[in-house]
Every structure is written in C-alpha cells, then in structure tokens.
Amino acid sequence: MCTTCGCGTGETRVAGKAVSAPEDAQAVDAVRELPQLSGEGSGDGASGIAQGAHAVDAHQHPDSRLQVHVPTHSHGHGSEHAHALSALQESTTPSRMVQIERDILAKNDGYAAENRRRLEELGIFALNLVSSPGSGKTSLLCRTIEALKTQLPIVVIEGDQQTSRDAERIRATGVAAVQINTGKGCHLDAHMVGHALHDLAPADDSLLLIENVGNLVCPAAFDLGEAHKVVILSVTEGEDKPLKYPGMFHAASLMVLNKVDLLPYLSFDSALAIRYALQVNPALQVIPLSATTGEGFEQWLAWLRAGCAASQEKKAAMVASLRQRIAELEAQLAAVSGA
Amino acid sequence: MHEMSLAMGVLQIVEDAARAQRFRRVRSVLLEIGELSMVEAEALRFCFDAVSRGTLAEGAALNVVEVAGQGLCFNCNMTVPLAALYDPCPACGGHPVQATGGTEMRVKELEVE
C-alpha cells in the first residue's frame, strides 16, 4: 500500500530519493491527477518547502507520464460527465458480480511479512517506536545508542513528514540512519520500510530502531514487520491518553513512560496512567525512565539486550537446523549415488 | 483514520481483480466495515471518490455493510456486544474483553461490466 498523501507515492522519500509505487502505475497515475487533494489544505508555507525539496531531486510527476495517461480516458473535467457516461453504459452493458473477500490492509501486511522474514533471517531485533509528537522519541534513541553502540550494531529508520533533522541527530551519534519523509502521509508503511532496509543493509544480529511519524492513531494499523511496537508516553501528556488512543496502546508490547525527571513539577499521576494503559492492554510491559537524566535506563537497556539475544538465538537455531538438513540430504545423496 | 490509504488499498484490490478477472468497469464496490475498525465510512467514501477518478472505478458506488462489534469477556466468559474497543464488559463490568467481531475491513464483492 502507498501513503495517505494526495499525490500518491511520489512524495514519499527514503533518504531523499523518491520511492516508486509498489506496482500498479495506473492507480498512482490516477491519484497524481488529483488537483484538489494535492493542492488544497497545504497551500501555505509548508507546501512551499515541499516544492523546494522536489526541485532538488527528480520529483515523480514527469510530464511524459501524464501525457501518456491523459489520452487514455476522456473525462478529465469533472465527475458529472463521468456519471452521465456510466449512466449511459448502465443501460446497455450487462453487469456481473465478482467475489473478492480481501482485507483492505492485505497488501501492507504482505510487505510486512516479507520484512519480518528478512529481519528474522538476519537475527535483527526490530522495534517500531510510536508516540505523539514531542514525547522524546529521538532523545530516547540518541541516549540508547550512546549506551549500546559499543556492544551491538545499531541502525535507525527515521520517519517524519518533512526534513531529515532527526536522521542527522542520529547520525551524530555515529550510527547509520535513513530518513523516510512521508510527505503528506501520517504513518510509515511496510513498503517504505522495505526500501529503507535495502538502503541500510543492516549487519547480522543488529538492533533496528524505527522511529515512526509522531501520531498516536494511524501507525497502529500498519504493521512494518517489527518484533514489537514500543509506545512512548511522556509525563507532560495526560494520564488518560491510553484510554483516548486505545488502538496504539493495545498494539504495543512495551510502554516507555518518559521524562520522569519532570514529575516533581507536574501533577501527572504515573500509577493512574499505567492503570489506564493496562486496562486497554493487560499484557503491556511498562518502563518509567528519563532520556535526559538516564533514570530507569538500565531496565530499558536490559529489555533491549534480552530482545536482541532472543532474535540472535532464533537465527542461530534456524541456521543450525538448515545445516542439519543439508547434512541429512548430503548423506542421502551419498547413499543413493553410492548404491 | 488514514482513510486515504485505505481508499487506495481498495482501489488496488479492485485493479488487481480487474487484471485477474478481465473486467473494464466497476459499478459498485461492496465493503464490510466493522464497527470497531475505527474507519469512518463517510470519509472513506469521499477519499474513494477522489482516488478512483480516471480509473476503471470512477463513479462507482461504495456500499458499506456495517458489522456489529462483539467480544469475549475474559472475566465472565460471555460473548457480549461491544460498542467500542477496550470498553469494559457490558454484562459484568470486567476487563479485558477480546474483540471477536466487528474489526474487519474487507472488500467483499464488486459489480462489474
């Protein structure tokens, strides 16, 4: 599946390069012809920045494609005409029913399964970090990387609507990071992450941290192929966020309660926030910490180390069983050719 | 939430089907949307109108069958109607209630020519 943006996948950029559509050039062309959705609602400064970015790299609206596309259908000027046309056809062409029974998110789930398979084969422990904007995801990542980078290979995928500021912050710690700009899209999807993985080419047994777009709604529905979603709630938000945005807290395996160093200055009730989160997801694990002072960090790092070790063991077991299978087949072959 | 992505997902499914089943126009699309799937049917319809323009589904009607929410209460072990995800059990007031119906977002069938 593509992004939510009005002009289709053309605005999604992985490390500054446009991402091609998964397939289906026709669908993408159709979307690119949407002047209303790609123009309205962003006709301010923000769209100016976007245009600037497109001018640097080749933007995916080449005129030739539109020219190829325009003559193939004749009703480019308004839906009334199209309705008239279909009304005319209805009276003459017989229709039939086609059974489909397909999940709308099936395409994304297919890409996610492929990512998950690749990651498992490499022994990579992948986390999808989700939260509202400003909960401290990037600060958490930077401190985590500083603590672990001498022990583990780490790579980062950063998702934001615009700019590569977060990826630059991560690269300043010395680890590889790829920035995905979703354009008008509100979440990362598995297809974008597949491209980013290809660019990053992470080493075996790495820790992969995917920082999703700051949004507590949409990223819950889009599997990226990660081992776990980690939701970050900061104490400067409301205790009842788990109840207001239950989808995300339900989808996560771990909640990091960030900025606990600020608790003395706030009326935030941590126990209440945790109770609400457990109401939505009784299996949710919780780690309170501060990415600024490092309080609570040992527990978080231990959780990450345990996850990495489990992924590495799983890969090692897979390799061992494949080796054993090869040995068995070779023995079989020797028996047959010897006979 | 993200109805534009979903509308594009519907269009992709329709176009895949058109290639496999060889039809040239779509008159209507029947969707099954669960009450608990967090999809606004009206927003989805608006987005589908927009993304389907200039495609074989242009002008197609989007018909939505709503599926009622249903859950299994882990506390009283009853199957109960569920109005919203993660609500307490309407029978015993307990938690958690695992959603067992009403979370679907599926393309059911197409009327094509």
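Chain order of the listed sequences is A and B.
Quick note, the first sequence lines up with residues 1 to 339 if you use my numbering.
Quick note, the second sequence lines up with residues 1 to 113 if you use my numbering.
Where a beta carbon is used, it is the ideal one built from N, C-alpha and C, also for glycine.
Proximal residues to residue i (C-beta, below 8 angstroms), its chain only, five neighbours per side dropped
{"i": "Ile287/A", "result": "Leu254, Met255, Val256, Leu257, Gly296, Gln299, Trp300 and Trp303"}
{"i": "Leu284/A", "result": "Phe249, Ala252, Ser253, Leu254, Met255, Ala277 and Leu278"}
{"i": "Val230/A", "result": "Leu127, Asn128, Leu129, Val130, Ala252, Ser253, Leu254, Met255 and Val256"}
{"i": "Val213/A", "result": "Gly159, Asp160, Gln161, Thr182, Gly185, Cys186, His187, Leu188 and Pro219"}
{"i": "Asp109/A", "result": "Asp103, Ala190 and Asp223"}
Buried or exposed (CB count within 10 angstroms, at least 16 for buried), residue i
{"i": "Thr72/A", "result": "Residue placement at Thr72/A cannot be trusted, given a pLDDT of 37 that sits under 50; the coordinates are not used to answer."}
{"i": "Arg323/A", "result": "exposed"}
{"i": "Met318/A", "result": "exposed"}
{"i": "Ala291/A", "result": "buried"}
{"i": "Lys241/A", "result": "buried"}
{"i": "Leu110/B", "result": "buried"}
{"i": "Ser135/A", "result": "buried"}
{"i": "Leu85/B", "result": "buried"}
Sub-7 angstroms separation of residue i and residue j beta-carbons
{"i": "Asp205/A", "j": "Gly123/A", "result": "yes"}
{"i": "Ser132/A", "j": "Leu216/A", "result": "yes"}
{"i": "Leu30/B", "j": "Phe48/B", "result": "no"}
{"i": "Thr293/A", "j": "Asp261/A", "result": "yes"}
{"i": "Glu239/A", "j": "Leu272/A", "result": "yes"}
{"i": "Ala60/B", "j": "Val26/B", "result": "yes"}
{"i": "Leu11/B", "j": "Ser52/B", "result": "yes"}
Cβ-based neighbour list, residue i, same chain, cut-off 7 angstroms, excluding 5 preceding and 5 following
{"i": "Ala15/A", "result": "Val178, Gln179 and Asp199"}
{"i": "Ala66/B", "result": "Sequence inspection shows Glu at residue 66/B; the Ala mentioned does not correspond to that position. The answer, listed in chain order, is Ile33 and Glu35."}
{"i": "Met192/A", "result": "Thr12, Val14, Val19 and Ile180"}
{"i": "Val336/A", "result": "none"}
{"i": "Asn422/A", "result": "Nothing can be reported for residue 422/A: it is not among the residues displayed for chain A, which extend from 1 to 339."}
{"i": "Pro81/B", "result": "Ala68, Gly69, Gln70 and Pro90"}
{"i": "Ile326/A", "result": "none"}
Separation of residue j from residue i, as counted between CA atoms
{"i": "Leu72/B", "j": "Pro282/A", "result": "15 angstroms"}
{"i": "Ser164/A", "j": "Ile170/A", "result": "10 angstroms"}
{"i": "Asp16/B", "j": "Thr144/A", "result": "43 angstroms"}
{"i": "His228/A", "j": "Ser95/A", "result": "46 angstroms"}
{"i": "Ala7/B", "j": "Thr100/B", "result": "25 angstroms"}
{"i": "Pro219/A", "j": "Ala334/A", "result": "53 angstroms"}
{"i": "Glu3/B", "j": "Arg45/B", "result": "9 angstroms"}
{"i": "Ala167/A", "j": "Arg102/A", "result": "36 angstroms"}
{"i": "Lys137/A", "j": "Ala331/A", "result": "52 angstroms"}
{"i": "Gly338/A", "j": "Glu328/A", "result": "15 angstroms"}
{"i": "Lys17/A", "j": "Lys107/A", "result": "22 angstroms"}
{"i": "Gly9/B", "j": "Lys108/B", "result": "13 angstroms"}
Closest residue to residue i among the options (Cα-Cα distance)
{"i": "Glu35/B", "options": "Ala41/B, Pro81/B, Gly93/B and Gly69/B", "result": "Gly69/B"}
{"i": "Ala112/A", "options": "His195/A, Cys186/A and Asp160/A", "result": "His195/A"}
{"i": "Ala190/A", "options": "Ala221/A, Lys244/A and Ala172/A", "result": "Ala221/A"}
{"i": "Ile22/B", "options": "Val19/A, Arg13/A, Thr12/A and Met97/A", "result": "For the sequence presented, residue 22/B should be read as Arg rather than Ile. The shortest C-alpha separation from Arg22/B is found at Met97/A."}
{"i": "Thr150/A", "options": "Ala327/A, Asp261/A, Tyr245/A and Leu207/A", "result": "Leu207/A"}
{"i": "Ala306/A", "options": "Leu148/A, Ile232/A, Lys17/A and Ile100/A", "result": "Leu148/A"}
{"i": "Phe125/A", "options": "Gly136/A, Glu330/A, Gln312/A and Gly110/A", "result": "Gln312/A"}
{"i": "Glu226/A", "options": "Leu119/A, Ala201/A and Val235/A", "result": "Leu119/A"}
{"i": "His95/B", "options": "Glu40/B, Val39/B, Thr79/B and Ser52/B", "result": "Thr79/B"}
{"i": "Ala201/A", "options": "Ala106/A, Ile232/A and Pro153/A", "result": "Pro153/A"}
{"i": "Leu18/B", "options": "Leu56/B, Gly102/B, Leu85/B and Arg106/B", "result": "In the sequence on display, residue 18/B carries Ala and not Leu. It is Leu56/B."}
{"i": "Gln99/A", "options": "Ser5/B, Arg106/B and Pro88/B", "result": "Arg106/B"}
{"i": "Asp87/B", "options": "Val235/A, Gly247/A, Thr236/A and Glu146/A", "result": "Gly247/A"}
{"i": "Ala83/B", "options": "Ile13/B, Gly102/B, Phe74/B and Gly93/B", "result": "Gly102/B"}
6 angstroms CB neighbourhood of residue i in its chain, flanking five on each side removed
{"i": "Leu243/A", "result": "Tyr276"}
{"i": "Leu209/A", "result": "Leu127, Leu141 and Val156"}
{"i": "Lys315/A", "result": "Gly123"}
{"i": "Ile274/A", "result": "Val286"}
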